[in-house]
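**Student:** Numbering (our numbering), first residue to last: 6 to 137. For every residue, glycine included, the Cβ atom is placed at its ideal position computed from N, Cα and C. Quick caveat, the model's predicted, so the values are computed rather than measured.
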């Protein structure tokens with residue numbers, strides 16, 4: 006079985022796009038994916054240490070619980086402290102990246118009209134981690 010990867014985004018459209026692109030990787034056994042549209046649900050599961058993952062992708066701007074909040078909570082838990090968290094966001098400002106780093110976000114993928122490039126980079130990251 007491959008690595009466990011979680012995506013959290015308040016846009017079902019974005020999550021569906023990732024599901025479609027990543028289905029081949031999942032079929033190959035390289036990775037197993039979970040997708041959450043409700044960041045509060047992920048926050049609760051992190052708080053209770055109920056999530057199992059090797060890599061966590063978070064949107065930054067979500068209602069109620071932001072990607073910063075999720076990262077901060079995850080990194081405060083011994084179970085998740087060393088697990089990578091990557092932001093998938095439209096945020097590109099230096100301030101948002103500094104805040105992200107302070108919250109525990111380890112890397113930054115910027116969403117743009119070039120979704121193919123973004124998805125290719127995500128796939129490369131997952132493949133690299135699965136062979137580590």
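According to DSSP, simplified to helix, strand and coil, what is residue 16?
**Tutor:** Taking the first residue of the chain shown as position 1, residue 16 is located at position 11. It is coil, neither helix nor strand.
**Student:** Helix, strand or coil: how does DSSP classify residue 71 here?
**Tutor:** Position 66 of the chain shown, counted from the start, is the residue given in the question as residue 71. Three-state result, residue 71: coil.
**Student:** Tell me which residue opens and which closes the alpha helix (DSSP H) that residue 103 is part of.
**Tutor:** Here residue 103 is taken as the residue at index 98 of the chain shown, counted from 1. Looking at the DSSP string, the run of the alpha helix (DSSP H) that includes residue 103 is 99-108.
**Student:** Less than 9 angstroms between the C-beta atoms of residue 60 and residue 88, yes or no?
**Tutor:** For the purposes of this step, residue 60 is taken as residue 55 along the chain shown, with counting starting at 1. For the purposes of this step, residue 88 is taken as residue 83 along the chain shown, with counting starting at 1. Taking 9 angstroms as the Cβ cut-off, residue 60 and residue 88 qualify as a contacting pair.
**Student:** Nearest to residue 55 by CA position, among 11, 128 and 130, is which residue?
**Tutor:** Locating residue 55 in the chain shown gives position 50, where the first residue counts as 1. The option with the nearest alpha carbon to residue 55 is 11.
**Student:** Looking at the secondary structure, which residues open and close the alpha helix (DSSP H) in which residue 47 lies?
**Tutor:** Position 42 of the chain shown, counting from 1, holds the residue named residue 47. Note, residue 47: alpha helix (DSSP H), 44-52.
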